[in-house]
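Shown next, in structure tokens, is the structure this report addresses.
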Amino acid sequence: MAQAIAFYFLAACILGFAVLVISTKDTVHSVLFLVLDFLFVAALYVLMRAEFLAVIQVLVYAGGIVVLYLFVVMLVNLKRPPEAHQDPHRLSRTGLFLAAAVLLELGFIAFAGGDSGAAPVAASSASPFCAAMTGNTEQVGCLLYTSYLIPFEIASMLLLVAMIGAIVLAKREL
Amino acid sequence: MITPTHYMLLSAALFMIGVIGVVVRRNIIIIFMSIELILNAVNINLIAFSNQLHNATGQVFAVFVIAVAAAEAAVGLGIILAFYRNKETINIDEMNLMRS
């Protein structure tokens, strides 16, 4: 029961702040709502017993990425509102209508589709060695450094390339 | 009782809000933030199934998604800054350099 109350509260906050992110006129306010949204998503991760991911979400998203966004919003000093010029060929309303239709469809499937069953699934693990670990962080770390070592290295390489690319792009002249 | 269906519905709703943001807004910074919302929806889905199946692999994939999101944000914001320096705009309707 307490879990259900927590879920509905967090879900309402996540969706409400997400709507505010895309509907606010002021970009700085939008970034601040994005921080709140990320923090509530982190709380949802805690509810799903993914404590390590929750900490990563707060550190990387709310701490790192959003600061990057704020810097860019401050750096681009807008002399005129970005929404001023409208392309007449742009089909914003059609896109909004289609997205809302998909959302309604999903809601209909959820309520009319009956219970797909919360059948308890037996514990299944890719690696029995890591499943024996106690604690969320230990399990994630064990999988990351045994079964998924090569993807982990590729991700680190991707971050290095992205870092160099961002520096090259943002530099005034080479 | 909260089933994975609830988490999937939340994830789908967050995803569609992100898609609406990408489609409707013209400010490219807000479009990038909508993409972050979409990636968060994906993460919620991954972790919900990881929790349901008692298998930490989904959380490992969520870590990779976060790494890719960080890389995407860094490069994308670099592109925005470079474009703004040349064209003095962040309105995507005016970003038509490559249109024939």
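Residue numbers (numbering that gives the first Met the number 0), protein chains in the order written: chain A, 0 to 173; chain B, 0 to 99.
The beta carbon of each residue, even a glycine, is placed where N, CA and C say it ideally should be.
Are residue i and residue j closer than 8 Å when you measure CB to CB?
{"i": "S146(A)", "j": "V23(B)", "result": "no"}
{"i": "V59(B)", "j": "L143(A)", "result": "yes"}
{"i": "L158(A)", "j": "A70(B)", "result": "yes"}
{"i": "F51(A)", "j": "T136(A)", "result": "yes"}
{"i": "G164(A)", "j": "G75(B)", "result": "no"}
{"i": "A49(A)", "j": "S49(B)", "result": "yes"}
{"i": "N42(B)", "j": "V64(B)", "result": "yes"}
{"i": "V30(A)", "j": "V65(A)", "result": "yes"}
{"i": "V20(A)", "j": "M32(B)", "result": "yes"}
{"i": "F82(B)", "j": "M97(B)", "result": "no"}
{"i": "R89(A)", "j": "D92(B)", "result": "yes"}
Report the neighbours of residue i on chain B: residues whose CB is nearer than 9 Å to its CB, in chain order.
{"i": "V59(A)", "result": "I65, A66, A68 and A69"}
{"i": "F6(A)", "result": "I1, H5, Y6 and L9"}
{"i": "L33(A)", "result": "M32, E35 and L36"}
Identify, in the order they occur along the chain, each residue of the same chain with its Cβ nearer than 6 Å to the Cβ of residue i, setting aside the five sequence neighbours on each side.
{"i": "N90(B)", "result": "R25"}
{"i": "T26(A)", "result": "V72"}
{"i": "C12(A)", "result": "F39"}
{"i": "Q138(A)", "result": "C129 and M132"}
{"i": "P3(B)", "result": "A47 and Q51"}
{"i": "F151(A)", "result": "L143"}
List, in chain order, every chain B residue whose beta-carbon is nearer than 8 Å to that of residue i.
{"i": "L67(A)", "result": "A72, A73 and L76"}
{"i": "C129(A)", "result": "A55"}
{"i": "L158(A)", "result": "A66, A69 and A70"}
{"i": "V75(A)", "result": "I28, I79, L80, Y83 and I89"}
{"i": "A165(A)", "result": "A73, V74, L76 and G77"}
{"i": "L168(A)", "result": "V74, G77, I78, L80 and A81"}
{"i": "L105(A)", "result": "L8, A11, A12 and M15"}
{"i": "I64(A)", "result": "E35, A68, A69 and A72"}
Which same chain residues end up closer than 7 Å to residue i when comparing Cβ atoms and leaving out the 5 residues on each side of it in sequence?
{"i": "Q56(A)", "result": "F37, V40, A41 and Y44"}
{"i": "A40(B)", "result": "S10, L13, F14 and G17"}
{"i": "F32(A)", "result": "F16, L19, V20 and T23"}
Closer than 7 Å by beta-carbon distance: list the chain D residues that pair up with residue i, in chain order.
{"i": "T26(A)", "result": "The structure shown has no chain D; the protein chains it does contain are A and B."}
Which chain A residues are close to residue i, counting only those with a beta carbon under 8 Å from its beta carbon?
{"i": "I19(B)", "result": "I21, G94, L95, A98 and A99"}
{"i": "N50(B)", "result": "M47, R48 and A49"}
{"i": "V41(B)", "result": "Those within 8 Å of V41(B) in chain A number zero; the least Cβ separation is about 11 Å."}
{"i": "L96(B)", "result": "Going along chain A, no residue has its Cβ under 8 Å from L96(B), so there is no contact; the nearest lies around 14 Å."}
Listing by chain order, which chain B residues have their CB less than 7 Å from the CB of residue i?
{"i": "A109(A)", "result": "T4 and L8"}
{"i": "Y144(A)", "result": "Simply none; closest approach about 10 Å."}
{"i": "A154(A)", "result": "F63 and A66"}
So residue i contacts chain A; which residues on that side make the cut at Cβ distance below 9 Å?
{"i": "I16(B)", "result": "L14, A17, V18, V20, I21, A98 and L102"}
Below 8 Å on the Cβ atoms is my contact criterion, and I expect residue i with residue j to pass it. Report the Cβ-Cβ distance as a whole number of Å.
{"i": "L102(A)", "j": "L80(B)", "result": "No, L102(A) and L80(B) are not in contact; Cβ-Cβ is about 34 Å, not under 8 Å."}
{"i": "F8(A)", "j": "I1(B)", "result": "The Cβ separation is near 12 Å, so there is no contact."}
{"i": "G57(B)", "j": "L36(B)", "result": "Actually they do not touch by this definition, with Cβ atoms about 19 Å apart."}
{"i": "L14(A)", "j": "I19(B)", "result": "Not really, about 12 Å apart at Cβ, beyond 8 Å."}
{"i": "A55(B)", "j": "L45(B)", "result": "About 11 Å separates the two Cβ atoms, so there is no contact after all."}
{"i": "A73(B)", "j": "A161(A)", "result": "5 Å"}
{"i": "A109(A)", "j": "L8(B)", "result": "5 Å"}
{"i": "M0(A)", "j": "A47(B)", "result": "Going by Cβ atoms, the distance from M0(A) to A47(B) rounds to 19 Å, so no, they are not a contact pair."}
Report whether the distance from the Cβ of residue i to the nearest heavy atom of the ligand FMN is below 7 Å.
{"i": "F82(B)", "result": "For the structure depicted, the ligand FMN is absent and the ligand set is empty, with no information on it obtainable."}
Against residue i, what residues of chain A qualify as contacts under a CB-to-CB distance less than 7 Å, listed in chain order?
{"i": "I46(B)", "result": "Y44, M47, A49 and L52"}
Which residues in the same chain as residue i place their Cβ atom closer than 8 Å to its Cβ, once the five residues preceding and following it in sequence are excluded?
{"i": "A61(A)", "result": "V34, F37, L38 and A41"}
Q | Residues within the stretch 41-55 of chain A neighbouring chain B, beta-carbon criterion of under 8 Å | A | L43, Y44, M47, R48, A49, F51, L52 and I55
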